[in-house]
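Asks: Protein chains in written order, with the working numbering: chain A, 4 to 320; chain B, -15 to 224.
#1: 8 Å is my cut-off, CB to CB: does residue 302 of chain A come that close to chain B?
#2: With a threshold of 8 Å between beta-carbons, can residue 196 of chain B be considered close to chain A, or not?
#3: Please name the residues in the segment 117 to 132 of chain B whose beta-carbon is closer than 7 Å to at least one beta-carbon of chain A, in chain order.
#4: Using the Cα positions of residue 146 of chain B and residue 171 of chain B, report the straight-line distance between them to the nearest angstrom.
#5: Within its chain, find whatever has a CB closer than 7 Å to the CB of residue 227 of chain A; leave out the 5 residues flanking it on each side and keep chain order.
#6: Considering only residues of the same chain and omitting the five flanking positions on each side of residue 234 of chain A, which have a CB-CB separation below 7 Å?
#7: Helix, strand or coil, according to DSSP, for residue 113 of chain B in the structure here?
#8: Find the nearest neighbour of residue 103 of chain B within the set B:136, B:114, B:179, judged by alpha-carbon distance.
#9: Can you pull the chain B neighbours of residue 238 of chain A, defined as C-beta to C-beta under 7 Å?
#10: Please check if any C-beta of chain B sits within less than 8 Å of the C-beta of residue 208 of chain A.
#11: Counting pairs of beta carbons, one from the segment 294 to 304 of chain A and one from the segment 148 to 163 of chain A, are three or more of them closer than 8 Å?
#12: Residues in the segment 36 to 50 of chain A with C-beta within 9 Å of chain B's C-beta atoms, listed in sequence order?
#13: Go through its chain and collect everything with a Cβ distance to residue 220 of chain B's Cβ below 6 Å, but skip five positions before and after it.
#14: Tell me which residue opens and which closes the beta strand (DSSP E) that residue 168 of chain B is part of.
#15: Roughly how many whole angstroms lie between the Cα atoms of residue 35 of chain B and residue 183 of chain B?
#16: Alpha carbon to alpha carbon, how far is residue 36 of chain A from residue 26 of chain B?
#17: Counting only Cβ pairs nearer than 9 Å, list the residues of chain B close to residue 107 of chain A.
#18: Identify whether residue 276 of chain A lies in helix, strand or coil by the three-state DSSP scheme.
#19: Report the rounded CA-to-CA distance for residue 23 of chain A versus residue 138 of chain A, giving the unit in angstroms.
#20: Does the CB of residue 273 of chain A have a neighbour CB from chain B at under 8 Å?
#21: Can you check the segment 136 to 200 of chain A for any beta strand (DSSP E) of at least 3 residues that lies completely inside it and give the ranges in chain order?
#22: Using a Cβ cut-off of 8 Å, pull out every chain B residue sitting near residue 298 of chain A, in sequence order please.
#23: Determine which residues share a DSSP beta bridge with residue 116 of chain A and list them.
#24: Ignoring anything shorter than 4 residues, give me the alpha helix (DSSP H) runs that lie fully in the segment 159 to 221 of chain B, in order along the chain.
#25: Near residue 301 of chain A, what residues of its chain come up, given a Cβ to Cβ distance below 8 Å and the 5 sequence neighbours on each side ignored?
#26: Which same chain residues end up closer than 7 Å to residue 83 of chain B when comparing Cβ atoms and leaving out the 5 residues on each side of it in sequence?
#27: Under 8 Å, do residue 178 of chain A and residue 315 of chain A count as touching if we go by C-beta distance?
#28: Could you compute how far the alpha carbon of residue 5 of chain A sits from the alpha carbon of residue 30 of chain A?
#29: Under DSSP, the beta strand (DSSP E) around residue 29 of chain A begins and ends at which residues?
#30: I need the boundaries of the beta strand (DSSP E) containing residue 47 of chain B, first residue and last residue.
#31: For residue 190 of chain B, decide whether its Cβ has a neighbour in chain A, counting only Cβ atoms nearer than 8 Å.
#32: What did DSSP end up calling residue 257 of chain A once you bin it into helix, strand or coil?
#33: Using a C-beta to C-beta distance shorter than 9 Å, which residues of chain A count as neighbours of residue 165 of chain B?
#34: Please classify residue 313 of chain A as buried or exposed, where buried requires at least 16 neighbouring CB atoms within 10 angstroms.
#35: Grouping DSSP H, G and I as helix and E and B as strand, with all else coil, what is residue 86 of chain A?
#36: Closest Cβ-Cβ distance between residue 263 of chain A and chain B: below 8 Å?
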């Protein structure tokens, strides 16, 4: 191997030609500051993020780009190395298809673009050495509401210059799908199922729910069978990731990484951690079905996800 | 089986990464004092694998990493923690200057109309009460303050505003609060304070802590402008 030819800058740059619909810098988020009212943030699909980081040879704490539905157009200015995971949003490198679950070496004047969504909602693009950006409370995650973190607390725009760590890597592929594409989402009862009449959770599993367009990184607003007996406002309390809040109308909102650290609607059930990546890939307009499981099943599903993320990467031809 | 009364919370599942430690009662200073003492005890216990401790009005959400800590074991630890009766941090008092009405509080007139009071009576009632900080949330440093005098209690606005100015002082139900940054919001805006309630500058800090007390006093627009210059000479640098 000729190391001089593989030498890359410590910092590499990419020019943002188009920002895409919503492209933000995200990592695993800021945890442990909820008591100050600081939201968690971070990648909505942490499963796909972790694959993108692995494919790019990053550390688990590094940041990557979270790409939503309509991707950006990026021009590579300096040699670097990247991994793509999550949704299939029609990614290509200089016009050649770049499937999710694969890494690529990038050379100056290469162009990364996204032709349009094929499957899923969020893709993740990791770069060796991680994506630079404003680091607040030990995280580069973009907080669009508080306007901090990542690229000045906002989505990428045309004209932005993106800095990544630089460094090379071996071209690899993920051994399994890097996103979980399903329309069934599992929940466990609690914490506030006791505030609802008996059988209220049966409404959640009684039929499909449409993901409405009033959905974002804060939460997914659903439309479907009404959950009866919602007590309306309750004294505000801490909100777990995946909390299924029931509005006074009986319709649910599932809280995601961008949620406020406390909320005032009752939460009769919580989506299991293994299925947050499933939610992350559902588009507005799609339907989901809920299934109720017990805690043992929730834990087993999470273990299975963690085991899958440890599978060895495959060398690419 | 713990019922959530006394110092012992009822430990409820909140997914496979969190437990909600719930106390009986609603918006009540004694209940919230137990909540804050309990949250302090959970933090002091420094349980490996606990990644977040978020007190609310009448509960504490404890988040954990299930790869490092078994949820059942954590539930057992949390169920026994109430006995420690730890002392919370000493409470402080914050007297917050507010410019009421006009562009500073665009809903003041509507609040007066809806409550059948004059604008001056609304201001006098709001500024005449001593509030407790029950918890922080919604956005960084936002203090949930209660209890509003009964005559000022209104439901939230039917349609939330997309843009609420930084420092807006607002009311909803029996609560009042201060918006730390420009954001969306569904409460009634009755005034604005030049005081910054959250700073992103390291070390990141919130002005108020749960258990603190807050009062408000009216100031005029000239005083608002002067205080704003004094408190934030860089002009909004706290916004990050």
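Virtual Cβ for every residue (Gly too), placed ideally from N, Cα, C.
Replies: In brief:
#1: By this cut-off, residue 302 of chain A is an interface position.
#2: Cβ-Cβ to chain A under 8 Å: no for residue 196 of chain B.
#3: Those would be 119, 120, 121, 122, 123, 124, 125, 126, 128, in chain order.
#4: A straight line joining the alpha-carbon of residue 146 of chain B with that of residue 171 of chain B spans about 11 Å.
#5: Around residue 227 of chain A: 210, 211, 212, 213.
#6: Within the same chain, residue 234 of chain A has close Cβ partners 198, 269.
#7: In the structure shown, the three-state DSSP call for residue 113 of chain B is coil.
#8: When the alpha-carbon of residue 103 of chain B is set against those of B:136, B:114, B:179, the nearest one is in B:136.
#9: Those within 7 Å of residue 238 of chain A in chain B are 10, 11, 40, 41, 42.
#10: Not an interface residue.
#11: Counting C-beta pairs with one atom in each stretch, the segment 294 to 304 of chain A and the segment 148 to 163 of chain A have fewer than three that are closer than 8 Å, which means they do not touch.
#12: Within the segment 36 to 50 of chain A, contact with chain B at the beta-carbon level (separation under 9 Å) is assigned to 36, 37, 38, 39, 40, 41, 42, 43.
#13: Here residue 220 of chain B scores only 47 on pLDDT, less than 50, and its place in the model should not be relied on; the value that follows carries that caveat. Cβ within range, chain order: n/a, list empty.
#14: Unbroken beta strand (DSSP E) run through residue 168 of chain B: 167 to 169.
#15: Going by the C-alpha atoms only, they are around 22 Å apart.
#16: So the alpha carbons of these two residues sit roughly 15 Å apart.
#17: Per Cβ cutoff of 9 Å: no residues; residue 107 of chain A is ~30 Å from chain B at best.
#18: Here residue 276 of chain A sits in helix by DSSP.
#19: Rounded to whole angstroms, the gap between the alpha carbons of residue 23 of chain A and residue 138 of chain A is 23 Å.
#20: Yes, because at least one Cβ of chain B sits closer than 8 Å to the Cβ of residue 273 of chain A.
#21: Here the runs fully enclosed are 164 to 167, 187 to 192.
#22: In chain order: -3, 0, 55.
#23: Per DSSP, the beta-bridge partners of residue 116 of chain A are A:95.
#24: Runs of the alpha helix (DSSP H) inside the segment 159 to 221 of chain B: 205 to 215.
#25: Once the five neighbours on either side are set aside, the close Cβ partners of residue 301 of chain A are 189, 191, 275, 276, 277.
#26: The residues are 175, 176, 203, 204, 205, 208.
#27: Less than 8 Å divides the Cβ of residue 178 of chain A from the Cβ of residue 315 of chain A.
#28: Note that residue 5 of chain A has pLDDT 40, beneath the 50 cutoff, so the model's placement of it is unreliable and the number below is only indicative. Between residue 5 of chain A and residue 30 of chain A, the C-alpha separation is close to 33 Å.
#29: Counting along the chain, residue 29 of chain A sits inside the beta strand (DSSP E) bounded by residues 25 to 29.
#30: Residues 43 to 48.
#31: For residue 190 of chain B, the answer is yes, since a Cβ of chain A falls inside 8 Å of its Cβ.
#32: Shown here, residue 257 of chain A sits in a strand according to DSSP, grouped into three states.
#33: Those within 9 Å of residue 165 of chain B in chain A are 148, 149, 150.
#34: Counting Cβ neighbours within 10 Å, residue 313 of chain A comes out exposed, since fewer than 16 surround it.
#35: Strand.
#36: For residue 263 of chain A, the answer is yes, since a Cβ of chain B falls inside 8 Å of its Cβ.
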